[in-house]
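Worksheet for the structure shown next.
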Amino acid sequence: MQWEQLLSLRKQGDKNKRLRIEENETRLGFEVDYDRVIFSSAFRSLQDKTQVIPLSKTSFVHTRLTHSLEVSVVGRSLGRIVGKELLKKHPQLQTSHGYQFNDFGAIVAAAALAHDIGNPPFGHSGEKAIGDYFLNGNGKRFKNQLTEKGYQDLVDFEGNANGFKILTESKDGVQGGLRLTYATLGAFMKYPKQSLPKKPTTHVADKKFGVFQSETEFFGEVVSELGLLNRNSDGFARHPLTFLVEAADDICYTIIDFEDGINLGLIEEEIALEYLINLVRNSLKKEVYSGLKTSQNRLAYLRSLAINTLIAEAASIFIENEEEILKGTFSESLLDRSQYQAQISDIIKISVEKVYQSTEVMEKEIAGYTILSTLLDAFTTAYENHNNENARQYDKLLLRMFEYDLSKNQSVYEYLMECCSYISRLTDGNALQIFQKIKGNL
3 MQWEQLLSLR KQGDKNKRLR IEENETRLGF EVDYDRVIFS SAFRSLQDKT QVIPLSKTSF
63 VHTRLTHSLE VSVVGRSLGR IVGKELLKKH PQLQTSHGYQ FNDFGAIVAA AALAHDIGNP
123 PFGHSGEKAI GDYFLNGNGK RFKNQLTEKG YQDLVDFEGN ANGFKILTES KDGVQGGLRL
183 TYATLGAFMK YPKQSLPKKP TTHVADKKFG VFQSETEFFG EVVSELGLLN RNSDGFARHP
243 LTFLVEAADD ICYTIIDFED GINLGLIEEE IALEYLINLV RNSLKKEVYS GLKTSQNRLA
303 YLRSLAINTL IAEAASIFIE NEEEILKGTF SESLLDRSQY QAQISDIIKI SVEKVYQSTE
363 VMEKEIAGYT ILSTLLDAFT TAYENHNNEN ARQYDKLLLR MFEYDLSKNQ SVYEYLMECC
423 SYISRLTDGN ALQIFQKIKG NL
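Numbering (the numbering used here), first residue to last: 3 to 444.
This is the structure:
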């Protein structure tokens, strides 16, 4: 892969090539990407979507919005550090094409800002609830009406693929969704492949999938423009900057979810501080740390050190392996190669045991399953009856609730994906409210 292609400023619908050297420095295309994401309704809805604790009432706990903002900040730093080194290594990017080190930071920041934009309510349990409805619930009735890949999109409903859909789909006269640069879209795609065929491997890009059948045509256009390598019959090599987006996410959820667990009293403070000290021991200034009087200040100091340590580490690993990354043969996340991998694993293990599997989280995830299954049943039935021209008044009321165009003539796959897309954009609170209305609780 070539950086000149990977840094494409092209946007959906462009007729002419966009050149970096001709860009307006006060309104650079990559920075416009960031603005468009942050002003989108899909991004704003993240303020009431689960990061760790669904429907949490405490301000200590991160939502998807605060998590995404933090990942974006970390991603920007990673991109800038790497960008500086890449311009030294490939000076023609700057001298001939006009790219600056900040461009790398802007691309990673925008992609990182959007990285969770496709997640449904109630976190990853929301994805599982949607998939389970079509695999084992009433949604199984649609299996014989769908292609194999179309059905797999639903039973393995994936927030990453849904995010690509939200960012790129044309609707209501708006062509190309948010019309982000292809460089940012490429950096956003952690899993550049379809839901089928499933070929389990240890490669990091094979963990999930990143595009629904409804977006495969445009996905192919982005892949071609960026020059992403065809890795196998199923998928493509990642855009190199995707590794930085992933690292930013890994850094934040490792440290910040751990911090949330401490603030909620799910992880004992003394144990937590010890684990963080193990991670930052090489950069810890003992005289500074011993002078901090409160546990809150000590935690903030260690968190800052930990994030800075892992940023430097991830950037270093990227630069060391740039050639392998450009060849598409780098098969791990950056932090999997980290010298701190053992310490990171210890922290994640504690978070899983004490936070992700806590009674509070599990009870609310159970409620989330019930809420989403009920909404899916109501809305898919309404769509189905409308398409079969036997819609009840109740069905019509449901469809009007989200201003569905009753004149549309859609395939079963199209209306099921639209239904899932609508539900996925709901906040945790919205989903709960609609559930209560469907149950007759006004």
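A virtual CB, placed ideally from N, CA and C, is assigned to each residue, including glycine.
CB contact flag (residue i, residue j, <8 Å)
i: residue 197; j: residue 145; result: no
i: residue 180; j: residue 414; result: no
i: residue 236; j: residue 202; result: no
i: residue 108; j: residue 39; result: no
i: residue 353; j: residue 252; result: no
i: residue 224; j: residue 77; result: no
i: residue 239; j: residue 228; result: no
i: residue 123; j: residue 161; result: no
i: residue 31; j: residue 11; result: yes
i: residue 195; j: residue 212; result: yes
i: residue 262; j: residue 357; result: yes
i: residue 350; j: residue 277; result: no
i: residue 412; j: residue 170; result: no
i: residue 189; j: residue 110; result: yes
i: residue 422; j: residue 159; result: yes
i: residue 233; j: residue 330; result: yes
i: residue 346; j: residue 256; result: yes
i: residue 272; j: residue 264; result: no
Residue i versus residue j - alpha carbon distance
i: residue 432; j: residue 425; result: 9 Å
i: residue 363; j: residue 269; result: 14 Å
i: residue 134; j: residue 384; result: 19 Å
i: residue 27; j: residue 4; result: 23 Å
i: residue 184; j: residue 327; result: 19 Å
i: residue 226; j: residue 166; result: 16 Å
i: residue 267; j: residue 360; result: 11 Å
i: residue 428; j: residue 297; result: 37 Å
i: residue 205; j: residue 172; result: 32 Å
i: residue 127; j: residue 374; result: 10 Å
i: residue 245; j: residue 36; result: 18 Å
i: residue 156; j: residue 420; result: 11 Å
i: residue 242; j: residue 75; result: 18 Å
i: residue 80; j: residue 254; result: 13 Å
i: residue 101; j: residue 23; result: 7 Å
i: residue 43; j: residue 292; result: 45 Å
i: residue 104; j: residue 153; result: 42 Å
i: residue 20; j: residue 187; result: 16 Å
i: residue 207; j: residue 394; result: 44 Å
i: residue 143; j: residue 316; result: 46 Å
i: residue 371; j: residue 210; result: 21 Å
i: residue 141; j: residue 132; result: 9 Å
i: residue 301; j: residue 341; result: 22 Å
i: residue 343; j: residue 95; result: 33 Å
i: residue 82; j: residue 410; result: 46 Å
i: residue 112; j: residue 93; result: 24 Å
i: residue 439; j: residue 136; result: 23 Å
i: residue 434; j: residue 215; result: 29 Å
i: residue 2; j: residue 222; result: Outside the displayed range of the chain (3 to 444) lies residue 2, so it cannot be described from this structure.
i: residue 18; j: residue 191; result: 24 Å
i: residue 295; j: residue 97; result: 51 Å
i: residue 402; j: residue 193; result: 35 Å
i: residue 130; j: residue 16; result: 37 Å
Cβ distance (whole Å) where residue i is taken to contact residue j below 8 Å
i: residue 66; j: residue 118; result: 5 Å
i: residue 114; j: residue 250; result: 5 Å
i: residue 312; j: residue 275; result: In fact, because the Cβ distance is near 17 Å, the residues do not count as touching under 8 Å.
i: residue 6; j: residue 99; result: 6 Å
i: residue 377; j: residue 437; result: 6 Å
i: residue 443; j: residue 417; result: The Cβ separation is near 27 Å, so there is no contact.
i: residue 125; j: residue 168; result: Between residue 168 and residue 125 the Cβ distance is about 17 Å, and since that is not below 8 Å, they are no contact.
One or two residues paired with residue i in a DSSP bridge
i: residue 52; result: 65
i: residue 183; result: 13
i: residue 238; result: 232
i: residue 195; result: 237
Any non-hydrogen atom of the ligand ATP closer than 7 Å to residue i Cβ
i: residue 324; result: No copy of the ligand ATP occurs in the structure displayed, which carries no ligand at all.
Test: residue i CB closer than 8 Å to a CB of chain B
i: residue 348; result: This model lacks chain B altogether; it includes just one protein chain.
**Asked** Can we say the segment 274-288 touches the segment 377-396, given the rule of at least three CB pairs closer than 8 Å?
**Response** no
**Cβ pair count under 8 Å reaching 3, the segment 273-286 against the segment 304-312** = With a cut-off of 8 Å, the segment 304-312 and the segment 273-286 count as touching, because enough Cβ pairs lie within range.
**Prompt:** Contact between the segment 85-96 and the segment 66-75: three or more CB pairs below 8 Å?
**Reply:** Contact between the segment 85-96 and the segment 66-75 is absent: fewer than 3 CB-CB pairs across the two stretches fall below 8 Å.
**Request:** Decide yes or no for the touch test of the segment 313-325 against the segment 335-350: beta carbon pairs closer than 8 Å, at least 3 of them.
**Result:** yes
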